[in-house]
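Structure first, then comments.
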Amino acid sequence: MQFIRDVYASKAAMRRPVISFEFFPPKTDEGDRALMEKTIPALKELAPDYCSMTYGAGGGTRDKTLMMVDRIQREHKLTAMAHLTCVNSTAEESRAVLLQARALGIGNILALRGDPPGGGDFKPTAGGFEFSWQLVRFIKEMGGFCIGAAGFPEGHVACKEGREVDWDRLKAKIDAGADFILTQLFFNNADYFRFRDYLSRKGAAAPICPGIIAILSASQIKRFTALCGAALPAPLLASLEKYAGDDAACAEFGIEYATRQCEELLREGAPGLHFYTLNKTRSTSQVLRNLRLAPGD
Ligand SMILES: Cc1cc2nc3c(=O)[nH]c(=O)nc-3n(C[C@H](O)[C@H](O)[C@H](O)COP(=O)(O)OP(=O)(O)OC[C@H]3O[C@@H](n4cnc5c(N)ncnc54)[C@H](O)[C@@H]3O)c2cc1C
Numbered sequence: 165m166q167f168i169r170d171v172y173a174s175k176a177a178m179r180r181p182v183i184s185f186e187f188f189p190p191k192t193d194e195g196d197r198a199l200m201e202k203t204i205p206a207l208k209e210l211a212p213d214y215c216s217m218t219y220g221a222g223g224g225t226r227d228k229t230l231m232m233v234d235r236i237q238r239e240h241k242l243t244a245m246a247h248l249t250c251v252n253s254t255a256e257e258s259r260a261v262l263l264q265a266r267a268l269g270i271g272n273i274l275a276l277r278g279d280p281p282g283g284g285d286f287k288p289t290a291g292g293f294e295f296s297w298q299l300v301r302f303i304k305e306m307g308g309f310c311i312g313a314a315g316f317p318e319g320h321v322a323c324k325e326g327r328e329v330d331w332d333r334l335k336a337k338i339d340a341g342a343d344f345i346l347t348q349l350f351f352n353n354a355d356y357f358r359f360r361d362y363l364s365r366k367g368a369a370a371p372i373c374p375g376i377i378a379i380l381s382a383s384q385i386k387r388f389t390a391l392c393g394a395a396l397p398a399p400l401l402a403s404l405e406k407y408a409g410d411d412a413a414c415a416e417f418g419i420e421y422a423t424r425q426c427e428e429l430l431r432e433g434a435p436g437l438h439f440y441t442l443n444k445t446r447s448t449s450q451v452l453r454n455l456r457l458a459p460g461d
């Protein structure tokens, strides 16, 4: 088991980007088989530095996260990270999940607050955490884990005080023990650069890795961005209108857009690329091949 903070440090020393893939736990046995026997083996050809598995998000069940991370580590010999949220959980329940992770040899945790399952405002569970920095601190105090946290280049959707207030709170997560940051998806690189540079001026030294999605369909990305609060810039929205109803053409456009976005991010010093794969291979593979980041390129 490798700590992901060490992966960022060693790749930075080599001046190479850290490539990571995010998956969600499928809901069915058939979905499990497709992920474990087809999707991950296909993406493994691209030699990712690590993979991550969501927790209770995207319809995945919570109990499966550790099981899937364990399988990725054992069966595919890949460095992997379990996401963990504060939703419907007391601190003692979070401790139990972390102890189980430790027993399985899972040492990388993405510490999140999470969102209420039915939408609306987040309400902490009695005896649980209200904000992710408290979970970060709790994991840090347990010791023995590498901790990631989420960052929002456009500010978190629920933060009404403005982006910079949200970014200051992210700095508090880093101060509480987060070793690296993965960002929410975004489409305007200027938002990422402003965010990264602000945190750097505030003295945050943790790597801030951009989260990338290659758009698959116009209707799907409008739904995702409405949920997470990421903006679709006007020119991108205009292009998407052209592909409404033609997902194949939209996916090709999505690959092209993500390729251009990643090229600029890497040129301007992003420490890596974290791909929201949606448990699919084609677009992520093609973007990495376009970037000449696949083995053999
Ligand atoms: C890379 C990534 C992976 C994700 N994976 C998952 C997943 O697996 N499962 C899942 O359910 N969700 C996941 N999410 C979504 C995430 O849980 C939500 O975006 C959630 O709304 C915020 O989580 P957080 O950890 O950033 O929360 P927090 O850091 O707690 O922030 C939440 C809100 O509280 C505010 N806040 C923070 N500290 C304070 C304070 N001291 N006082 C007042 N307000 C404060 C922040 O400004 C923000 O508006 C992921 C997000 C990202 C970017």
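Numbers 165 to 461, taken from the numbering used here, label the letters of the sequence shown in order. Glycine is no exception: its CB is placed at the ideal position from the N, C-alpha and C atoms.
Query raised in the report: Considering only residues of the region 178–238, which uninterrupted beta strand (DSSP E) runs meet the minimum length of 3 residues and lie entirely inside it, listed in chain order?
Result: 182–187, 214–217
**Report entry** Option nearest tyrosine 214 by Cα separation, candidates Thr441, Gln425, Arg179
**Finding:** Thr441
Query raised in the report: Should alanine 395 be listed as close to ligand 1, given that the test is whether its C-beta is under 8 Å from any heavy atom?
Result: no
**Report entry** beta strand (DSSP E) segments (min. 3 residues) lying fully within the region 237–305
**Finding:** 244–248, 272–275
Query raised in the report: When you compare only the Cα positions, how much space is there between arginine 180 and proline 459?
Result: Near 13 Å, if we compare the C-alpha coordinates of proline 459 and arginine 180.
Query - Coarse secondary structure for threonine 441, derived from DSSP in three states - result: coil
Query raised in the report: Could you give the residue range of the beta strand (DSSP E) that holds arginine 348?
Result: The amino acid at residue 348 is misidentified as arginine; the sequence shows glutamine. Unbroken beta strand (DSSP E) run through glutamine 348: 344–349.
Report task. For proline 371, count neighbouring Cβ atoms within 10 angstroms of its own Cβ and tell me buried if that reaches 16, exposed if not. Result -> buried
Query - Check: alanine 314 C-beta below 8 Å from any heavy atom of ligand 1 - result: yes
Requested in this report: May I ask whether a heavy atom of ligand 1 can be found less than 8 Å away from the beta carbon of phenylalanine 309?
Outcome: no
**Report entry** Three or more C-beta pairs below 8 Å linking the region 278–290 and the region 304–321
**Finding:** no
Query raised in the report: Residue range of the alpha helix (DSSP H) that proline 399 falls in?
Result: 398–407
Query raised in the report: Measuring from the CB of cysteine 392, is there a heavy atom of ligand 3 at a distance below 8 Å?
Result: Absence of ligand 3 from the depicted structure is noted, with ligand 1 being the only ligands included.
Query - Cα-Cα separation between arginine 462 and serine 381, rounded to whole angstroms - result: Residue numbering for the chain in the displayed model covers 165 to 461; residue 462 lies beyond these limits and cannot be assessed.
Query raised in the report: Where does leucine 263 land, buried or exposed, given buried means 16+ other C-beta within 10 angstroms?
Result: exposed
**Report entry** Contact set for asparagine 272: own chain, Cβ-Cβ below 6 Å, skip 5 residues either direction
**Finding:** These residues qualify, in order along the chain: Ile168, Met245, Cys310.
Report task. Count the other C-beta atoms from every protein chain shown that fall within 10 angstroms of the C-beta of alanine 177, then say buried if there are 16 or more, exposed otherwise. Result -> exposed
Report task. Kindly indicate which three-state DSSP category alanine 415 falls into: helix, strand or coil? Result -> The DSSP-derived three-state label of alanine 415 is helix.
Query raised in the report: Could you give the residue range of the alpha helix (DSSP H) that holds alanine 394?
Result: Here alanine 394 belongs to no alpha helix (DSSP H), and DSSP marks it neither H nor E.
Query - Per-residue burial, methionine 165 [other beta carbons within 10 Å of its own, 16 or more giving buried] - result: The Cβ neighbour count for methionine 165, taken over all protein chains shown within 10 Å, is under 16; the residue is labelled exposed.
Query raised in the report: By Cβ distance below 8 Å, which residues in the same chain neighbour glutamate 427 in space, the five residues on each side in sequence not counted?
Result: Cβ neighbours of glutamate 427 beyond the five flanking positions: Leu455.
Query - Host beta strand (DSSP E) of alanine 314 (start-end) - result: 310–315
Query raised in the report: Hey, leucine 242 and proline 281 are a contact pair by Cβ (cut 8 Å); roughly how many whole angstroms apart?
Result: Incorrect: roughly 29 Å between the Cβ atoms, too far for contact.
Query raised in the report: What did DSSP end up calling isoleucine 376 once you bin it into helix, strand or coil?
Result: The answer is strand: DSSP assigns isoleucine 376 an E or B state.
Query raised in the report: Cβ-heavy atom distance between aspartate 361 and ligand 1 below 8 Å?
Result: no
Report task. May I ask you to verify whether the region 336–351 touches the region 294–308, counting CB pairs closer than 8 Å and requiring at least 3? Result -> yes
Query raised in the report: From which residue to which residue does the alpha helix (DSSP H) around leucine 452 run?
Result: 446–454
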